[in-house]
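The structure under discussion appears below in the form of structure tokens.
Set out below in structure tokens:
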């Protein structure tokens, strides 16, 4: 799942948190405590078009023609030959156990298209897993194993309060070598990789490589503040720039997946763009902040509430909106049916509108 450039690394009460968190003075004690909750994930599936290309086979490879031309043995009593299929491939990733009943969090790209999922625990034992749900917009998936094992779990920390420079520990299965530990710091927060509408990554210099996808990023209290998902690399290997989905995002998505197997997000119905310096100057703004409404789609919550082209959205429920992705995340984090208060500038005059959100269409990228 990794290549040059930016690449993927392959009721809320239901989601546990660690109570009375202990601050570890050394990495050895931290790893001993959390390691049993980290698992290796192996999936099998038929190769998709991109994977076919990586194997040197064209996307439109003529399987049926190839079968007719070179023949396949007659396998059935009705004289029907075996259907030639795309090659089966194996994928590796990492996950972490959040509940004793066997719920495990990993990346959506780790289990996407999986025909079978096998989990290997820290003691070497294995169990089959089923996919409960995936959210490709945030690259989060929830899977579950049925086992009689006394599973150890890890809890979520507060990624919002994580500070740049604080130490972190990443655990995963790089290059299929087996469970490995790397250390580093939080290098930055709020990174936007342009990979999706809800990008808000934690950047870390802890080594992340192929196979680390879905692995936890721990703080000094042994709590999960991120899930290792992607790296920036010209070679495919770690150069010290890795990215993790923040735990505050994971908790909400996992709760939805656990309840219904899907994630429903709020939808406003506008096309948006940044406020340029020219627009800010024309409106007499001190600096180019806010989100410009470029268009309002018909028969949408925005249209019904009275939003107009040229409006500048500067806040949602009192929270400042400085750029388009702020608005996308704010609206998408609310459930359909939620009423939100939009703070606007219209013709350079402040205005507040109440909007009842609809459900976000999965095939669209509007806010």
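In mature numbering (1 follows the signal peptide of the UniProt record, and there is no 0), the protein residues as written are -21 to -1, 1 to 346. Ideal Cβ positions, reconstructed from N, Cα and C, are used throughout, including at glycine. Everything numeric in this text was worked out from a predicted model, so none of it was measured.
Boundaries of the alpha helix (DSSP H) harbouring residue 303: 303 to 311, taken from the DSSP string.
For residue 160, the closest of 298, 119, 241 and 184 by C-alpha to C-alpha distance is 184.
Here residue 121 is buried: its Cβ has 16 or more other Cβ atoms, across all protein chains shown, within 10 Å. For the segment 120 to 168, not one full-length alpha helix (DSSP H) segment reaches 4 residues or more. Inclusion of residue 23 and residue 93 in the CB contact set at 8 angstroms is warranted, their separation being smaller than that value. With fewer than 16 other beta carbons inside 10 angstroms of its own, residue 288 counts as exposed. Taking 4 residues as the shortest admissible run, the segment 173 to 240 contains the following complete alpha helix (DSSP H) segments, listed from N- to C-terminal end: 226 to 239. Sixteen is the threshold: when 16 or more other Cβ atoms of the shown chains lie within 10 Å of the Cβ of residue 207, as they do, the residue is buried.
With a beta-carbon spacing of about 5 angstroms, residue 196 and residue 149 fall inside the 8 angstroms limit used to define contacts.
Excluding sequence positions up to five before and after residue 263, its CB lies within less than 8 angstroms of the CB of 327, all in the same chain and listed in chain order. Between residue 158 and residue 17, the C-beta spacing is below 8 angstroms.
Residue 329 counts as exposed, since fewer than 16 other beta carbons sit within 10 angstroms of its beta carbon.
Nearest Cα to residue 339 within the set 255, 320, 307 and 321: 307. Secondary structure at residue 8: helix, using DSSP grouped into helix, strand and coil. With a minimum length of 4 residues, the unbroken runs of alpha helix (DSSP H) contained wholly in the segment 229 to 298 fall at 256 to 262 and 280 to 284.
Annotation for residue 309: 295 place their beta carbon closer than 6 angstroms to its own, counting only its chain and skipping 5 residues before and after. The straight-line gap separating the alpha-carbon atoms of residue 267 and residue 323 is approximately 14 angstroms. At a Cβ-Cβ threshold of 8 angstroms, residue 21 and residue 97 count as neighbours. A distance below 8 angstroms separates the beta carbons of residue 192 and residue 86. Collapsing the DSSP output to three states places residue 326 in coil. One thing to note: residue 128 has its Cβ no nearer than 8 angstroms to the Cβ of residue 82.
Within a 10 Å sphere around the beta-carbon of residue 167 sit fewer than 16 other beta-carbons, which makes this residue exposed. For the options 290, 234 and 319, the alpha carbon positioned closest to that of residue 251 is the one of 290. Straight-line spacing of the CA atoms in residue 77 and residue 101 works out to 15 angstroms. Apart from the 5 residues on each side of it in sequence, residue 232 sits with its Cβ closer than 7 angstroms to the Cβ of 114, 117, 119 and 242 in its chain, given in chain order. Looking from the CA of residue 162, the closest CA among 171, 169, 151 and 1 belongs to 151. Beta-bridge partners of residue 332 (DSSP): 321.
The Cβ atoms of residue 181 and residue 205 sit closer than 8 angstroms to each other. Within the same chain, and ignoring the five residues on either side of residue 12 in sequence, the residues whose Cβ sits closer than 6 angstroms to its Cβ are 201. Residue 71 has its alpha-carbon roughly 7 angstroms from the corresponding atom of residue 89. Residue 281 has its alpha-carbon roughly 13 angstroms from the corresponding atom of residue 315.
The beta-carbon distance between residue 311 and residue 276, rounded to whole angstroms, is 16 angstroms. This is too long to meet the 8 angstroms contact definition.
Distance from residue 336 to residue 246 at the Cβ level is roughly 6 angstroms; contact confirmed, criterion being Cβ atoms closer than 8 angstroms.
The three-state secondary structure of residue 106, taken from DSSP, is strand.
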